[in-house]
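Counting in the numbering used here, the sequence shown runs from 1 upward without gaps. Note that CB positions come from ideal geometry on N, CA and C, so glycine has one too. Take a look at the structure set out below.
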Amino acid sequence: MTNADHEQRPERPSEADGTAHLFRALGKQIKVLRERAGLSQKELGAAVHCGEALISAMERGVRTPQPDFLLRTDELLDGRGLLAAAVDDVREAQAKARTRHPEWYRKYANLEAEAIELHDYSNQVVHGLLQTADYARAIFSQRRPFLDPETIEKRVADRLARQQIFERWPAPVCSFIMEEAALQRPIGGRTIHEGQLRQLLRAGRHRSIELQVMPTDREEHPNVDGVFTLLTSKSRQQVAYTEVQGYPRLITEIEEVRLITARYGILRSQALNVRESLVLIESMLGER
């Protein structure tokens, strides 16, 4: 496979079948109904058990409103079936989205979307599932060779779409170990960096997500071989995924996965615990 092949990253739904127009239209309808009901984004979020930022993203058409959300919101805002009528179209769009990834990435993308557990170790940047749009955009903008603006926006949209796994119920059990150096790196500048750290604090307070930081001053480290992700599928099979310089590898061999899992366990024991990690991030923001 050539480097050019590896650059064929997942497209937005709009590129594959035009469904982004559906999500933008739904977002506008949600906003009109919310404002007619006299609710703020924060108040609507509290009523349907999701965050203000998610409501904002859905109204802007950059996050997909889930069928359950549409049904609850339609009833809450007295939509008279306006949002509920789109449920079948959203489900069809989601099914198409699952197949929009290139073949080399598709199997992992499907596993991630339906995983019941996800555990990740990152050492250079924050994991994509935890990134803000601005942080992701800064990463793609700095990639060499340079990407054109349209491609950058496609990549950002796809990365944000993956974050919908946190909106499932039951939510997958997730843990993330990040090197302290990755959190200290101000990718995109001070404002974007601060926004990313605040996003990590929000994620770290989610009951299904555990964040841990590996301090730079640790004298021992059980994993200097690079980043990896451990996924457990609905069938309870655990696999590992790695990607180095654009070359991906999905590991299914039981013994290899066992060794990576053991390594991850040692990483967790040597990293700061969850509370200590959040305190460290707060200190980076000057809040401690």
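Taking residue i as part of the beta strand (DSSP E), name the residues at either end of that continuous run.
i	result
His49	His49 -> no beta strand (DSSP E), and no H or E assigned at all.
Asp74	No beta strand (DSSP E) holds Asp74; the alpha helix (DSSP H) holding it covers Pro67 to Leu76.
With DSSP as the reference, please indicate the residues paired to residue i in a beta bridge.
i	result
Glu336	The chain is shown from 1 up to 288; residue 336 falls before or after that span and cannot be answered.
Val244	Tyr247
Val239	Leu231
Ile209	Cys174
Suppose you measure from the CA of residue i to the CA of residue j; what does that come to, to the nearest Å?
i	j	result
Gln184	Met178	11 Å
Lys234	Glu114	7 Å
Arg335	Gly189	Absent from the model: residue 335. The displayed extent of the chain is 1 to 288, so no value can be given.
Arg258	Gly27	44 Å
Pro67	Ile187	35 Å
Arg91	Glu219	50 Å
Thr242	Leu82	43 Å
Lys31	Ala93	21 Å
Glu43	Ala171	23 Å
Glu255	Gly204	31 Å
Ala240	Met214	20 Å
Leu272	Tyr121	14 Å
Pro149	Gln237	39 Å
Leu54	Asp88	21 Å
Arg198	Leu280	12 Å
Gln196	Gly61	21 Å
Thr64	Asp74	15 Å
Gln270	His221	8 Å
Asn123	Val244	12 Å
Leu71	Phe23	15 Å
Glu293	Ile260	For the chain, the structure presents residues 1 to 288; residue 293 sits outside this window and is missing.
Ala46	Val224	42 Å
Please tell me whether residue i has its Cβ less than 8 Å away from any Cβ of chain D.
i	result
Gln199	No chain D appears in this structure, which consists of one protein chain only.
Under DSSP, the alpha helix (DSSP H) around residue i begins and ends at which residues?
i	result
Gly27	Ala20 to Arg36
Val257	Ile254 to Gln270
Val274	Val274 to Met284
Check whether the segment 253-269 touches the segment 226-236, counting contact only when three or more Cβ pairs, one atom from each stretch, lie closer than 8 Å.
yes
Touching or not, the segment 76-87 and the segment 29-43, by the rule of three or more beta carbon pairs under 8 Å?
yes
Unbroken alpha helix (DSSP H) runs of length 4 or more, entirely within the segment 109-196: which are they?
133-142, 149-162 and 180-184
Pairing CB atoms from the segment 138-146 with CB atoms from the segment 208-224, are three or more of them under 8 Å?
no
I'd like to know if the segment 187-206 and the segment 151-161 are in contact, where contact means that at least 3 CB-CB pairs between them fall below 8 Å.
no
Mind the definition here: the segment 127-136 touches the segment 162-174 only if three or more C-beta pairs lie below 8 Å; say whether that holds.
yes
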